[in-house]
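Novice: Sending over a structure as structure tokens; questions will come in a sec.
Numbering (my numbering), first residue to last: 11 to 333.
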């Protein structure tokens with residue numbers, strides 16, 4: 011069977027057939043999407059996945075599609091609200107094959123089923139490589155959690171361990187160098203990460219502030235305190251023992267991997283001390299966990315207390331496009 015390249019109209023038809031458009035008061039083939047907006051909190055966020063900068067050589071097309079949703083949903087998750095609608099903007103190289111596009115559809119479908127919400131529209135265009143922007147819109151009964159907030163004494167916590175993506179990206183050209191017992195976990199963390207959506211929703215009502223860690227833990231912590239007079243003291247590195255062992259074999263300091271990895275897509279939250287037990291229970295009930303890593307202090311900046319008791323400043327470094 012001869013494989014045929016796809017045109018824009020065929021791509022739009024395939025997407026429309028795959029994903030129904032509930033609540034749309036316009037035609038599925040209209041120039042826009044419309045609905046009757048009830049009294050809700052409207053929260054929106056978006057991110058872009060670019061094959062040449064975001065996909066390692068061993069990543070499949072289906073994984074690219076799934077991750078393009080995940081990186082946008084992660085932002086919405088940090089606001090403590092659920093996705094309602096998605097707006098999908100896709101750029102594909104000329105001659106992109108139908109079977110490859112079907113793999114994209116499978117990845118998008120898998121993500122939409124996992125996170126909930128409906129794909130309501132978008133745009134397609136020609137691009138040098140696979141480029142996917144996913145805009146997420148949430149219509150929520152609850153107000154979103156701010157990225158900034160907290161007072162001295164509040165607990166700073168994360169929803170998972172760090173360092174795995176740092177190890178994976180460092181070993182990208184030769185994944186076989188990653189110790190076998192954690193290789194699958196590390197590669198999956200890079201190629202098919204899952205947004206902490208349920209944990210974020212559970213934190214709504216108990217967290218004073220929350221953000222995701224897509225650009226690295228150090229940047230996330232600075233974002234939480236940005237514009238205020240407080241700081242954060244980290245006293246516990248969220249690092250799994252087997253990852254710490256693997257880092258030592260390649261000569262990487264744990265502090266470097268934890269603070270400056272990026273793309274962990276964990277949530278970083280500030281919890282008032284009096285709400286800590288309730289927050290832990292709510293997140294546990296949602297199927298996740300909270301790892302306390304430090305606390306808010308009345309000294310500006312982000313600091314880390316080493317095992318020897320010495321306190322050092324954590325530099326504001328992390329992933330930044332075009333830099």
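Glycine residues also receive a C-beta, built at the ideal position from the N, C-alpha and C atoms.
No experiment lies behind these values; they were computed from the predicted model shown.
Got a sec, what are the start and stop residues for the alpha helix (DSSP H) residue 108 sits in?
Specialist: Element bounds for residue 108: 108 to 125.
Novice: Would the stretch 274 to 292 count as touching the stretch 222 to 231 if we require 3 or more Cβ pairs under 8 angstroms?
Specialist: In short, these stretches touch, since the Cβ pair count reaches three.
Novice: Please report the residue range of the alpha helix (DSSP H) in which residue 292 lies.
Specialist: It spans 286 to 295 - the alpha helix (DSSP H) in which residue 292 sits, taken as one unbroken run.
Novice: Applying the 10 Å Cβ sphere with the 16-neighbour rule, what's the burial state of residue 290?
Specialist: Buried, because 16 or more other Cβ atoms sit within 10 Å of the Cβ of residue 290.
Novice: Please state the DSSP three-state secondary structure of residue 233.
Specialist: Helix, per DSSP.
Novice: Locate the alpha helix (DSSP H) running through residue 85, then write down its first and last residues.
Specialist: That run of the alpha helix (DSSP H) goes 71 to 87.
Novice: From residue 301 to residue 135, what does the alpha carbon distance come to, in whole angstroms?
Specialist: The straight-line gap from Cα to Cα measures roughly 43 angstroms.
Novice: Please determine, among 216, 205, 179, 157, the residue with the shortest C-alpha to C-alpha distance to residue 9.
Specialist: Residue 9 lies beyond the stretch modelled for the chain, which goes from 11 to 333, so this question has no answer here.
Novice: For residue 233 versus residue 308, is the C-beta spacing smaller than 8 angstroms?
Specialist: Cβ atoms of residue 233 and residue 308: not closer than 8 angstroms.
Novice: Which of the three DSSP states, helix, strand or coil, is assigned to residue 57?
Specialist: Residue 57 falls in the strand class under three-state DSSP.
Novice: Identify the residues that DSSP records as bridge partners of residue 302: which are they?
Specialist: Per DSSP, 167.
Novice: Could you work out which residue in 90, 126, 95 is closest to residue 280 when comparing CA atoms only?
Specialist: The shortest Cα separation from residue 280 among 90, 126, 95 belongs to 90.
Novice: Helix, strand or coil for residue 243? Go by DSSP, reduced to three states.
Specialist: Residue 243 falls in the strand class under three-state DSSP.
Novice: Excluding sequence positions up to five away, which residues of its chain have a Cβ less than 7 angstroms from the Cβ of residue 319?
Specialist: Closer than 7 angstroms at the Cβ level, and outside the excluded window around residue 319, lies no residue.
Novice: Using 10 angstroms around the beta-carbon of residue 199, count the other beta-carbons present and answer buried if the total reaches 16, otherwise exposed.
Specialist: When all chains shown are included, residue 199 counts as buried.
Novice: Where does residue 129 fall in DSSP's three states?
Specialist: The answer is strand: DSSP assigns residue 129 an E or B state.
Novice: Mind checking whether residue 267 and residue 188 have CB atoms under 8 angstroms apart?
Specialist: No, these two residues do not count as a Cβ contact at 8 angstroms.
Novice: Assign residue 327 to one of three DSSP states: helix, strand, or coil.
Specialist: Note: residue 327 maps to coil in three-state DSSP.
Novice: If you draw a straight line from the alpha carbon of residue 23 to that of residue 97, how long is it in whole angstroms?
Specialist: Each residue's alpha carbon lies about 15 angstroms from the other.
Novice: Around the C-beta of residue 191, are 16 or more other C-beta atoms found within 10 angstroms, so that it is buried, or is it exposed?
Specialist: Exposed: under 16 other Cβ atoms inside 10 Å.
Novice: Is the stretch 78 to 92 touching the stretch 195 to 210 in the sense that three or more CB pairs, one from each, lie closer than 8 angstroms?
Specialist: Yes: at least three Cβ pairs fall under 8 angstroms.
Novice: Do the CB positions of residue 101 and residue 137 come within less than 8 angstroms of each other?
Specialist: A contact, by the Cβ cut-off of 8 angstroms.
Novice: For residue 311, which residues does DSSP report across the bridge?
Specialist: Paired residues: 241.
Novice: In the DSSP assignment, find the unbroken alpha helix (DSSP H) run with residue 101 in it and report its ends.
Specialist: Segment 95 to 102 is the beta strand (DSSP E) holding residue 101; no alpha helix (DSSP H) there.
Novice: In the DSSP assignment, find the beta strand (DSSP E) that holds residue 220 and state where it starts and stops.
Specialist: Looking at the DSSP string, the run of the beta strand (DSSP E) that includes residue 220 is 219 to 222.
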